[in-house]
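Going by our numbering, the sequence shown opens with residue -4, and the numbers climb by one from there.
Glycine residues also receive a C-beta, built at the ideal position from the N, C-alpha and C atoms.
In this text, all values refer to a predicted model and were calculated from it rather than measured experimentally.
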Amino acid sequence: IVSLPMILLFNGNDALNSIILNPWFLVGLTVVSSVLLNAHIPLFSLKFKSLGFKENALRYVFIIVSLFCIGTMKFLAVPAIIVIYLMSSLLFFKTPPTSGSSED
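Dropping the structure here:
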């Protein structure tokens, strides 16, 4: 959301600008962001306990892909990196189903 003004300022694509300025898009983005902030999604950490590639492969690949996105897409890379981070966390950190216990 923070990158949207920068995308509008530095991107010359009128179609993208009209999507970003659409009130329904902004409301939908706000709702999706609120749901994601409160969701119990296990996300991988970027902390390195060692520098070995085998135990940090996901981190290294994520950093390389992020740098590539920033180099090619500039401010458009910010939302793309967030989506890549969420998708890779969902793919690589599958949580077992809960046994019906509720949290109070």
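Residue i to residue j span [Cα, whole Å]
| i | j | result |
| --- | --- | --- |
| Pro74 | Val27 | 13 Å |
| Phe57 | Phe88 | 14 Å |
| Asp99 | Ala34 | Low confidence applies to Asp99: its pLDDT is 46, below 50, so where it sits in the model is not reliable enough to give any reading. |
| Asn8 | Met82 | 26 Å |
| Cys64 | Phe39 | 19 Å |
| Ala10 | Leu16 | 10 Å |
| Leu32 | Ile76 | 16 Å |
| Ile2 | Met68 | 10 Å |
| Ala52 | Val22 | 36 Å |
| Phe48 | Val60 | 15 Å |
Residue i and residue j closer than 7 Å at C-beta
| i | j | result |
| --- | --- | --- |
| Phe5 | Ile14 | no |
| Ser(-2) | Phe43 | no |
| Arg54 | Leu46 | no |
Where residue i falls, given that 16 or more other Cβ within 10 Å makes a residue buried
| i | result |
| --- | --- |
| Ala72 | buried |
| Ile36 | exposed |
Same chain, Cβ closer than 7 Å to residue i, neighbours up to 5 away in sequence not counted
| i | result |
| --- | --- |
| Ile(-4) | Leu24 and Ser28 |
Residues near residue i by beta carbon distance below 8 Å, same chain, minus five either side
| i | result |
| --- | --- |
| Leu85 | Ile36 |
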